[in-house]
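Colleague: Heads up: take any position in the sequence shown, counting from 1, add 11, and you land on our numbering.
What follows is a single structure, and I will ask about it in a moment.
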Amino acid sequence: MKIEATSDELTMWYNDVLVNFTLANSTKATTVPLTTDFGGYGFGPLVGYLSHGCSLHTHFTFYNVRMSTESTRRFSEVIREPEWRDQSKRFIINAEDGAVSDFSDAVALGEILARLGNENIHYLGWGKNDVDGNAFIAKNSGNGLFVDKDAAATDTYAEQVQALATYIYAKYIDGVENDTEKLIYGKPSSLSITPASEQTNTIDADWPQGKWRIDHDPTYFENSTGTVPYDNLYLNNLDISFTESGKYEIYYQDILVKTVYVHRKPVAKFTVAVDGSYNVSITNQAYDPDQESTADKGIKSTNWYYKLTTDASWTSGTPTVLSANKEYIFKQVVVDEYGVESDPYLRYVSTTVSAQAVPVAEFNITPSRLLTYVSTLVGYADTSYDPQGIAITDRLWTITKDGTSVYSGSTAKTNFSDFAAGVYKISLKVKNANNVWSQEVSRYLTVVKDTVGVSVVSDTASGSFTAKKTVTLSFEDDENGSGFSHRYVVVSNSATVPSQWGSMGTNAS
Numbered sequence: 012m013k014i015e016a017t018s019d020e021l022t023m024w025y026n027d028v029l030v031n032f033t034l035a036n037s038t039k040a041t042t043v044p045l046t047t048d049f050g051g052y053g054f055g056p057l058v059g060y061l062s063h064g065c066s067l068h069t070h071f072t073f074y075n076v077r078m079s080t081e082s083t084r085r086f087s088e089v090i091r092e093p094e095w096r097d098q099s100k101r102f103i104i105n106a107e108d109g110a111v112s113d114f115s116d117a118v119a120l121g122e123i124l125a126r127l128g129n130e131n132i133h134y135l136g137w138g139k140n141d142v143d144g145n146a147f148i149a150k151n152s153g154n155g156l157f158v159d160k161d162a163a164a165t166d167t168y169a170e171q172v173q174a175l176a177t178y179i180y181a182k183y184i185d186g187v188e189n190d191t192e193k194l195i196y197g198k199p200s201s202l203s204i205t206p207a208s209e210q211t212n213t214i215d216a217d218w219p220q221g222k223w224r225i226d227h228d229p230t231y232f233e234n235s236t237g238t239v240p241y242d243n244l245y246l247n248n249l250d251i252s253f254t255e256s257g258k259y260e261i262y263y264q265d266i267l268v269k270t271v272y273v274h275r276k277p278v279a280k281f282t283v284a285v286d287g288s289y290n291v292s293i294t295n296q297a298y299d300p301d302q303e304s305t306a307d308k309g310i311k312s313t314n315w316y317y318k319l320t321t322d323a324s325w326t327s328g329t330p331t332v333l334s335a336n337k338e339y340i341f342k343q344v345v346v347d348e349y350g351v352e353s354d355p356y357l358r359y360v361s362t363t364v365s366a367q368a369v370p371v372a373e374f375n376i377t378p379s380r381l382l383t384y385v386s387t388l389v390g391y392a393d394t395s396y397d398p399q400g401i402a403i404t405d406r407l408w409t410i411t412k413d414g415t416s417v418y419s420g421s422t423a424k425t426n427f428s429d430f431a432a433g434v435y436k437i438s439l440k441v442k443n444a445n446n447v448w449s450q451e452v453s454r455y456l457t458v459v460k461d462t463v464g465v466s467v468v469s470d471t472a473s474g475s476f477t478a479k480k481t482v483t484l485s486f487e488d489d490e491n492g493s494g495f496s497h498r499y500v501v502v503s504n505s506a507t508v509p510s511q512w513g514s515m516g517t518n519a520s
């Protein structure tokens, strides 16, 4: 017999067959609802409490009972294996009713706050300990939300989910840029056309490919990310995305109507050194990838902050000397010539002298989705460090696919031309001069090897029609495909493959 019981219902199997049964005052069914009122005795859904004239307790005996256990991981372990899309909004939802042990650990907080800050992660707590959750959010620079299951406004599941969804949506929509001349690379944007009727279906006899044209100059800023596929082509519809950095000139009927600049955020970056007297020296390595070769590296202003890992508020500036046996967080935010702030960069610094203190492995990869028909190379930004300033002496890189090791070495693998398509877990741990290894941190790389063309299916193969006819075309990429970039469509009265396809995204006749 197998029984599954919750506080609300009971389900029973006999010899692995789901059975119909009944309890007192209930109908016969495979799943029987249970009362939620057990009086003042605190009994659960199963109890025997029948007087039978002796002092022995009533016992239940179950055979073929199946039990399993699940091991949970500490919060600090979870954030060492993030799997994010490039330029995505990032949230971690932690469903836990009690206090999170890491949130009161000054050393654990050093790594946690630095990782959350450097990846711009919002913490979404979902539980019953609002004091613990909100205190941690304050330490995380206010980035997050705690949904209290005991609060009147969120004491139902639907209300809790709605509160989480509302917060996430607000952060996403706040990042959308509308009708501006300067766009941030990687952020969603939209253009409004007046009159709206001119945005689509602009083909006519004078403009057989469409009236819109976009000229893209990918070299306007340094370190070009590439050229958009619709550069210098006439378009039927203005439904483009500004997916590469540079200058965009938008023409309608060959008249310049708008210029858009897509640039990147500046990058905050620094290192901290503390000597034996706890004097602080900071090396500023911030830069703007759009103007990296200039004397100021494109940085017009720099803001510094620091605090103890357990503090809720930041102190502006940088200290000259630290206190002994303390755990600190340093933060830098830089601003470029357009007045755009970088994402913050945080560094954990410890003045607690210990030969067993653990270094911090930290790295990023570019790109996280490798289109091998464009490039087979992956770039690494290894910013691993030791909070006490002890030298990093060794690195161990490992790559696994579906749990199987496919690479291990002291240097990062950059060329993936010999790797099959799939998702790979790239991990790093580092060792300091005290021979102490860090915890392992991981990133995920998706390798795309697109060797099969798109399949096209038409619901009408051929025929002659005297009335209006709708032809439905279905497009599908293969399992390991790269997705759709754009389309070309030619409508003609011939079955011969056309020699000219016109511009992308258009219907040409």
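The C-beta atom is built at its ideal place from N, Cα and C for all residues, glycine as well.
(1) So if DSSP puts residue 338 in a beta bridge, which residue, or which two residues, is it bridged to?
(2) Any beta carbon from chain B within less than 8 Å of residue 129's own beta carbon?
(3) By the DSSP assignment, the beta strand (DSSP E) with residue 20 in it spans what residues?
(4) Run through the region 85-165 for me and flag every whole beta strand (DSSP E) of 3 or more residues, listed as ranges in chain order.
(5) If distances are taken between C-alpha atoms only, which option among 262, 295, 107, 348 comes closest to residue 226?
(6) By Cβ distance, which residues of its chain are closer than 6 Å to residue 485, with the 5 residues on each side in sequence left out?
(7) Mark residue 39 as exposed unless 16 or more other C-beta atoms lie within 10 angstroms of its C-beta, in which case mark it buried.
(8) Measure the CB-CB distance between residue 338 and residue 121 and report whether it falls below 8 Å.
(9) Identify every residue that forms a DSSP beta bridge with residue 224.
(10) If we ignore side chains and look at the alpha-carbon of each, how far apart do residue 408 and residue 438 end up?
(11) If we ignore side chains and look at the alpha-carbon of each, how far apart do residue 236 and residue 109 end up?
(12) With DSSP collapsed to three states, give me the class of residue 192.
(13) From this set, 363, 118, 253, which residue's C-alpha is nearest residue 195's C-alpha?
(14) Would you kindly report the start and end of the unbroken beta strand (DSSP E) that includes residue 410?
(15) Could I get the ranges of all uninterrupted beta strand (DSSP E) runs contained in the region 294-342, with 3 residues as the minimum, in chain order?
(16) On the three-state DSSP scale, how would you describe residue 506?
(17) Identify, in the order they occur along the chain, each residue of the same chain with its Cβ nearer than 6 Å to the Cβ of residue 201, setting aside the five sequence neighbours on each side.
(18) Compare the beta carbon distance of residue 455 and residue 434 with 8 Å and say whether it is the shorter of the two.
(19) Name, in chain order, the residues that DSSP records as bridge partners for residue 397.
(20) Contact between the region 270-289 and the region 360-368 is defined here as three or more beta-carbon pairs at a separation below 8 Å; is this criterion met?
(21) If I measure Cβ to Cβ from residue 174 and keep anything under 6 Å in the same chain, skipping five residues before and after, which residues do I get?
(22) For residue 476, count the other beta carbons within 10 Å of its own beta carbon; 16 or more makes it buried, fewer makes it exposed. Which is it?
(23) Output needed for residue 183: all residues of its chain with C-beta closer than 6 Å, excluding positions within five of it in sequence on either side, in chain order.
(24) Along the chain, where does the beta strand (DSSP E) containing residue 435 start, and where does it finish?
(25) Relative to the C-alpha of residue 265, which candidate in 130, 371, 224, 329 has its C-alpha closest?
(26) Under the three-state reduction of DSSP, which class applies to residue 169: helix, strand or coil?
(27) Can you name, in chain order, every residue of its own chain whose Cβ lies under 6 Å from the Cβ of residue 470, other than the five neighbours on each side?
(28) Compute the Euclidean distance between the alpha carbons of residue 218 and residue 244, then round it to the nearest angstrom.
(29) What is the C-beta distance between residue 296 and residue 276, in whole angstroms, given that I count them as a contact (C-beta under 8 Å)?
(30) Give every residue of the same chain whose Cβ lies closer than 7 Å to the Cβ of residue 336, excluding the five residues on either side of it in the sequence, and list them in chain order.
(31) According to DSSP, is residue 376 part of a helix, a strand, or is it coil?
(32) Residues in the same chain with beta-carbon distance under 7 Å from residue 384, minus the five sequence neighbours each way, listed in chain order, please.
(33) Buried or exposed, going by whether 16 or more other CB atoms sit within 10 Å of the CB of residue 49?
(34) Would you tell me roughly how many angstroms separate the C-alpha atoms of residue 388 and residue 130, rounded to the nearest one?
(35) Please classify residue 294 as buried or exposed, where buried requires at least 16 neighbouring CB atoms within 10 angstroms.
(36) Would a C-beta distance cut-off of 8 Å place residue 255 and residue 238 closer than the cut-off?
Modeller: In terms of the structure at hand:
(1) Answer by DSSP bridge pairing, in chain order: 361.
(2) The structure shown has no chain B; it contains just one protein chain.
(3) Here the beta strand (DSSP E) through residue 20 covers 20-25.
(4) List check, beta strand (DSSP E) in window: 101-106, 132-138, 155-159.
(5) Taking only the C-alpha atoms, the option nearest residue 226 is 262.
(6) Around residue 485: 468.
(7) By the 10 Å Cβ count, residue 39 comes out exposed.
(8) Yes, these two residues count as a Cβ contact at 8 Å.
(9) Beta-bridge analysis with DSSP links residue 224 to 245, 262.
(10) Straight-line Cα distance between these residues: approximately 6 Å.
(11) If you take the alpha carbons of residue 236 and residue 109, they lie about 46 Å apart.
(12) Here residue 192 sits in coil by DSSP.
(13) Closest by alpha carbon: 253.
(14) Per DSSP, residue 410 belongs to the beta strand (DSSP E) from 403-412.
(15) The qualifying runs are 310-319.
(16) Coil.
(17) Around residue 201: 189.
(18) Yes, the pair counts as a contact, with Cβ atoms nearer than the cut-off.
(19) As far as DSSP is concerned, residue 397 takes part in no beta bridge.
(20) Segment contact: the region 270-289 against the region 360-368, three or more CB-CB distances shorter than 8 Å; contact assigned.
(21) Cβ within range, chain order: 158, 165.
(22) Residue 476 counts as exposed, since fewer than 16 other beta carbons sit within 10 angstroms of its beta carbon.
(23) Answer for residue 183: 100, listed in chain order.
(24) It spans 433-443 - the beta strand (DSSP E) in which residue 435 sits, taken as one unbroken run.
(25) Nearest C-alpha to residue 265: 224.
(26) Residue 169 falls in the helix class under three-state DSSP.
(27) Excluding residues within five positions, the ones whose Cβ falls inside 6 Å are 483.
(28) Rounded to whole angstroms, residue 218 and residue 244 show a C-alpha spacing of 12 Å.
(29) Not confirmed; about 15 Å, so no contact.
(30) So the list reads 362, 363, once near-sequence residues are dropped.
(31) In the displayed model, residue 376 falls within a strand according to three-state DSSP.
(32) Excluding its 5 nearest sequence neighbours in each direction, residue 384 has C-beta neighbours in its own chain below 7 Å: 461, listed in chain order.
(33) The predicted model places residue 49 with a pLDDT of 49, which falls under 50 and marks its position as unreliable; any figure quoted below should be read in that light. Burial call: exposed.
(34) Those two C-alpha atoms are separated by around 23 Å.
(35) Exposed, since its Cβ has fewer than 16 Cβ neighbours within 10 Å.
(36) It is a contact, given that the beta carbons lie within the stated cut-off.
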